[in-house]
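> Sharing a structure with you now.
Residue numbers (the UniProt record's numbering): 1 to 197.
Here it is as structure tokens:
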């Protein structure tokens, strides 16, 4: 549910569009209360993001995480079908604008998980983070993907947390951009079917 545009449909109209077209899942990149209200009773499964700008507060204060969960999750349960909480989006220790958030992701995930568990939702709402292929040293073919050596201290505790809580690592995948980059180099190593995933 992107809102970076003009002349947008209302939150209610978007939810109705999803229902009319059989779209069963949605992701919102921040806890927008108008969207959460529109989702009540819709049966649409939701990924709700924690803003990167909120990570430091949630990592350093468990009570802040409890308040975040109360305000943005518990207040809407069970009417909204939360599936995942994505704690941070595309945090990358190698990007200047993202490096400041690096060491907050894992403790913020722990605090959000503890708040979800305290609310009794740990079996229905999984806590994760959303990453992207920029953290990979090798990304093609996908079966040979591996994290770059210099991001492993950041990502390994997160992976351990996800394994312990049987949650997936969420990934923003942009195969078309990989394909386009290869086409610009005139070396079509990546085939079009991969880009159309």
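Beta carbons are placed, not taken as given, at the ideal position from N, Cα and C, and that holds for glycine.
Nothing here was measured: the structure is a model prediction, and the numbers come from that model.
1) If you draw a straight line from the alpha carbon of residue 49 to that of residue 82, how long is it in whole angstroms?
2) Below 7 angstroms between beta carbons: does that hold for residue 102 and residue 161?
3) How would you call residue 73, buried or exposed, if buried means at least 16 neighbouring beta carbons within 10 angstroms?
4) I'd like the span of the beta strand (DSSP E) that includes residue 127, first residue to last.
5) May I ask you to report which of helix, strand or coil DSSP gives residue 53?
6) Output needed for residue 99: all residues of its chain with C-beta closer than 7 angstroms, excluding positions within five of it in sequence on either side, in chain order.
7) Run the CB neighbour count on residue 149, radius 10 Å, all protein chains shown included, and call it buried at 16 or more, exposed below.
8) Got a sec, what are the start and stop residues for the alpha helix (DSSP H) residue 160 sits in?
9) Using three-state DSSP, classify residue 114 as helix, strand or coil.
Well, looking at it:
1) Taking the chain shown and counting its residues from 1, the one referred to as residue 49 is at position 49. Taking the chain shown and counting its residues from 1, the one referred to as residue 82 is at position 82. If you take the alpha carbons of residue 49 and residue 82, they lie about 11 angstroms apart.
2) The sequence position of residue 102 within the chain shown is 102, counting from 1. The sequence position of residue 161 within the chain shown is 161, counting from 1. With contacts defined as CB atoms closer than 7 angstroms, residue 102 and residue 161 fail to qualify as a contacting pair.
3) Residue 73 sits at position 73 when you count from the first residue of the chain shown. Answer is buried; the Cβ neighbour count reaches 16.
4) Walking along the chain shown from the start, residue 127 turns up at place 127. In this chain, the beta strand (DSSP E) harbouring residue 127 covers 126-132.
5) Your numbering for residue 53 matches position 53 in the chain shown. It is helical.
6) If you number the chain shown from 1, residue 99 lands on position 99. Here the set comprises 93.
7) To locate residue 149, count along the chain shown from 1; it is residue 149. Counting Cβ neighbours within 10 Å, residue 149 comes out exposed, since fewer than 16 surround it.
8) Locating residue 160 in the chain shown gives position 160, where the first residue counts as 1. Note, residue 160: alpha helix (DSSP H), 152-164.
9) Residue numbering aside, residue 114 sits at position 114 when the chain shown is read from its first letter. Correct three-state label for residue 114: helix.
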